[in-house]
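Chemist:
Numbering (my numbering), first residue to last: -6 to 221.
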């Protein structure tokens, strides 16, 4: 919390969190409340504290270290800008949903959660003060549909191969897209108004840069990076 909070506003915050705590045990997943600015943890429901084997006092004391300790930095790079933008728009009508990986301690196995964040409380001036997040654990054996499994797999593929894809020129990306759409070298040459020899050169460079040796691997890059 910021030190400038008035007694009246602090009372509102305490009442809001107390109200949430009364029903949190009946809600699915884990409920987390963060303060703005700083995004410090102000409240976490009991299932979350138990999963992390911690207390709310310890989480508050960690400050921003909380994120590096429990969460995957690569996930955060995806969703934090979206959450920040939502807070900046200061709208209770918006929410941001995202996948994130959580661990009990550094070096522990990651567990997947599907989380949704929205505004929870504004200050006296109408500015964002608290956010609320619902984090639902994803059981890979029972509760993940095939579509969600593919989405998580594709997300990891993009992260692992981002640098390779970014090494491609615009023309190479055009050729990659058409190859993934099963066009022949002659058809690609006709569409791009280049020679077949040039198409073959681009295809050779694509395979080298992407380290892809099969049509399946080429197609996976095109799909994961939204070329098709």
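Idealized CB from N, CA, C, for every residue including glycine. Just so we're clear, the structure is a prediction, and the values are computed from it rather than from any experiment.
Tell me which residues share the same chain as residue 61 and place their Cβ nearer than 6 Å to its Cβ, disregarding the 5 neighbours each side in the sequence.
Modeler: Residue numbering aside, residue 61 sits at position 68 when the chain shown is read from its first letter. Excluding positions up to five away in sequence, the list is empty.
Chemist: CA-CA distance, residue 200 and residue 145?
Modeler: Taking the first residue of the chain shown as 1, we reach residue 200 at position 207. Taking the first residue of the chain shown as 1, we reach residue 145 at position 152. Using only the alpha carbons, I get a separation of about 25 Å.
Chemist: With distance defined between alpha-carbon atoms, name the residue in 211, 118, 186 nearest to residue 161.
Modeler: The residue labelled residue 161 in the question sits at position 168 within the chain shown. That would be 211, whose Cα lies nearest to the Cα of residue 161.
Chemist: Around the C-beta of residue 90, are 16 or more other C-beta atoms found within 10 angstroms, so that it is buried, or is it exposed?
Modeler: By 1-based counting over the chain shown, the position of residue 90 is 97. Per the 10 Å Cβ criterion, exposed.
Chemist: Take residue 215 as the anchor and find which of 167, 192, 46 has the nearest alpha-carbon.
Modeler: On the chain shown, position 222 is the one that residue 215 refers to. Of 167, 192, 46, the residue nearest in Cα terms is 167.
Chemist: For residue 26, which residues does DSSP report across the bridge?
Modeler: One-based indexing of the chain shown puts residue 26 at position 33. In the DSSP output, where bridge partners are listed per residue, residue 26 has 36, 125.
Chemist: For the 8 Å Cβ check, are there 3 or more pairs between the segment 47 to 58 and the segment 71 to 82?
Modeler: The segment 47 to 58 makes no contact with the segment 71 to 82; the number of CB pairs closer than 8 Å stays below 3.
Chemist: For residue 97, report the span of its alpha helix (DSSP H) as first-last.
Modeler: The sequence position of residue 97 within the chain shown is 104, counting from 1. No alpha helix (DSSP H) contains residue 97, which DSSP labels as neither H nor E.
Chemist: With DSSP run on the structure shown, which of helix, strand or coil describes residue 158?
Modeler: The sequence position of residue 158 within the chain shown is 165, counting from 1. Residue 158: helix per DSSP, three-state reduction.
Chemist: In whole angstroms, what separates the C-alpha of residue 100 from that of residue 185?
Modeler: Reading the chain shown from its first residue, position 107 is the one you call residue 100. Reading the chain shown from its first residue, position 192 is the one you call residue 185. The straight-line gap from Cα to Cα measures roughly 49 Å.
Chemist: With the cut-off set at 7 Å, would you say residue 93 and residue 104 are in Cβ contact?
Modeler: Mapped onto the chain shown, residue 93 falls at position 100. Mapped onto the chain shown, residue 104 falls at position 111. Not closer than 7 Å, so no.
Chemist: If we ignore side chains and look at the alpha-carbon of each, how far apart do residue 151 and residue 143 end up?
Modeler: On the chain shown, residue 151 is found 158 positions in, with the first residue counted as 1. On the chain shown, residue 143 is found 150 positions in, with the first residue counted as 1. Their Cα atoms are separated by approximately 12 Å.
Chemist: Give the secondary structure of residue 148 by DSSP, where H, G and I count as helix, E and B as strand, and everything else as coil.
Modeler: In the chain shown, the residue the question calls residue 148 occupies position 155. Residue 148 falls in the helix class under three-state DSSP.
Chemist: For residue 124 versus residue 113, is the C-beta distance shorter than 7 Å?
Modeler: As a working mapping, residue 124 is identified with position 131 in the chain shown. As a working mapping, residue 113 is identified with position 120 in the chain shown. Cβ atoms of residue 124 and residue 113: closer than 7 Å.
Chemist: Just to confirm the assignment, what range does the alpha helix (DSSP H) spanning residue 216 have?
Modeler: For this step, residue 216 is matched to residue 223 along the chain shown. Its alpha helix (DSSP H) spans residues 208 to 217.
Chemist: Using beta-carbon positions only, say whether residue 38 and residue 23 come within less than 7 Å of one another.
Modeler: The residue you call residue 38 lines up with position 45 of the chain shown. The residue you call residue 23 lines up with position 30 of the chain shown. Contact flag set, yes.
Chemist: Please check the pair residue 59 and residue 95, which I expect to be a contact at CB under 8 Å, by giving their CB distance rounded to whole angstroms.
Modeler: Counting from 1 along the chain shown, the entry for residue 59 is found at position 66. Counting from 1 along the chain shown, the entry for residue 95 is found at position 102. Actually they do not touch by this definition, with Cβ atoms about 11 Å apart.
Chemist: May I have the straight-line CA-CA distance separating residue -6 from residue 209, to the nearest angstrom?
Modeler: Within the chain shown, residue -6 is the residue found at index 1, counting from 1. Within the chain shown, residue 209 is the residue found at index 216, counting from 1. Its pLDDT being 42, under 50, residue -6 is placed unreliably by the model, and the measurement read from it follows with that caveat. Going from the Cα of residue -6 to the Cα of residue 209 covers about 51 Å.
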